[in-house]
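One structure is given here, and the rest of the page talks about it.
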Amino acid sequence: MTATYPVAPDHIREIAPYVPGKPVDDLAREMNLDPATIVKLASNENPRGPGRRVLEAITAAAQDLTRYPDGNGFALKAALAQRLAVDPSQLILGNGSNDILELATLAYLRPGDDAVFAAHAFAVYPLSTQARGANGIVVPARNYGHDLPAMLAAITPRTRIVFIANPNNPTGTWLPPADVEAFIAAVPCDVLVVLDEAYNEYLQPAERADSAAWTTKYPHLLVSRSFSKAYGLAALRVGYGVAAPAVADMLNRVRQPFNVNALAQAAAIAALTDTAYVEASCALNRAGRAQLGAGLDALKIPYLPSHGNFVLARVGDAARINRALLAEGVIVRPVGNYGLPEWLRVTVGLPEENARFLAALAIALRP
Ligand SMILES: Cc1ncc(COP(=O)(O)O)c(C=O)c1O
């Protein structure tokens, strides 16, 4: 019988949609709570609010909303090229770094190809792979992190992309730069290594790889970075990729002509100059991670040491604990869809927000 509606291909109908953090207004409606009393620690956002320079840049850019943005992002690319010591031809701007991950699969995956990624790695890798009709090859984790030798062994002639998240979300695990570089060097040069560094700025300087410089050495490397986290611009959606010019060119061919809006470009340029904001965000994050760690220790809840702006805690019956936290007006992220059904991921918030979470968790844990 002919279908009475358009039927998408199997690989599209089988996509399990991305589950975002629960919006504050949804919980307020459902629980009849005042939104102002709700604490949301569910989407790894920067809790500080935007910096003054960013607000001024957005206000100035908002005077010209009737024009399309610069589709090539000349000024933002120039600022990034200078900061990263790369050529502008090595850069791709994205509507969030999520866009860069999507563009990589759009440019390099055909139906039936393989993409390799780790168990418990960022949800967009399997999603975007499946959207291309390609096969996701999931490599079991080691200590909840990437098992690089096993990932290398999983590469076959069908593999076109390998995804590495460093640090990884939701586990917060981190790989030493020397191990990552050795991995990239060992991957066949016709396989694109996507090194997702959305949380890069939260690392201590000694933990950080000079991955932008690696792109001149390894033409099969694409590094993605985000303005959503330490730079505090999640709502504006802006991120970037760094790669050899030939790879950057391919991604630029498949992106939308105006994928990064004018306010986002202006804000990102201003944010890059505001190193004090990023440093203060990282300091707040370190203190908040320690606060959450101490609180979880006191509650005897195990958690993974995190290199990001979030902590993954093993609470046991995570569905029940999550419901109890919601009843207390605290939104965190269940991670059953990451194969971690006993765990909850909590984003590092302001000190008082972290304290609210810990107090609500103590209540939620009562039998
Ligand atoms: C590991 C990782 N990569 C990429 C992203 C995408 O971030 P954005 O699109 O906001 O840059 C996220 C968002 O949480 C993430 O956790």
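The working numbering applies: residue -3 is where the sequence shown begins, and numbers increase by one.
Don't be surprised by glycine CBs; every beta carbon is placed ideally from N, CA and C.
Under the DSSP assignment, Tyr104 falls in the alpha helix (DSSP H) whose first and last residues are Ser93 to Tyr104. In terms of side-chain proximity, the C-beta atom of Gly92 is found nearer than 6 angstroms to a non-hydrogen atom of ligand 1. Phe306 is bridged by DSSP to Thr343. Contact annotation: Asn94 and Asn305 have beta-carbon atoms that are not nearer than 7 angstroms.
In the three-state DSSP reduction, Leu87 falls in the strand class (E or B).
Taking 7 angstroms as the cut-off, the Cβ atoms of Ile157 and Tyr104 count as close. The DSSP-derived three-state label of Ser224 is coil. In this model, Ala111 and Gly132 are separated by some 5 angstroms (Cα to Cα). Cβ neighbours of Gly17 within its own chain (closer than 6 angstroms, five residues either side excluded): Ala38, Ser39 and Arg329. The residues Ala57, Pro65, Asp66, Gly69, Ala71, Leu72, Leu89 and Val234, in chain order, have a CB closer than 8 angstroms to that of Gln261 in the same chain once the five nearest residues on each side in sequence are set aside. Assignment of beta strand (DSSP E) within the region 129 to 208, counting only whole runs of 3 or more residues, yields 131 to 135, 155 to 161 and 188 to 192 in chain order. Proximity of the region 221 to 230 to the region 189 to 197 meets the contact definition, three or more beta-carbon pairs being nearer than 8 angstroms. When the five nearest sequence neighbours on each side are left out, the beta carbons in the same chain lying within less than 8 angstroms of the beta carbon of Ile297 are those of Ala309, Arg310, Val311, Leu357 and Leu361, in order along the chain. Taking 7 angstroms as the cut-off, the beta carbon of Gln86 is found closer than this to the beta carbon of Val238. Excluding sequence positions up to five before and after Leu123, its CB lies within less than 7 angstroms of the CB of Ile11 and Tyr14, all in the same chain and listed in chain order. Apart from sequence neighbours up to five positions away, the residues of its chain that approach Ala283 with a beta-carbon distance below 8 angstroms are Pro347, ordered along the chain.
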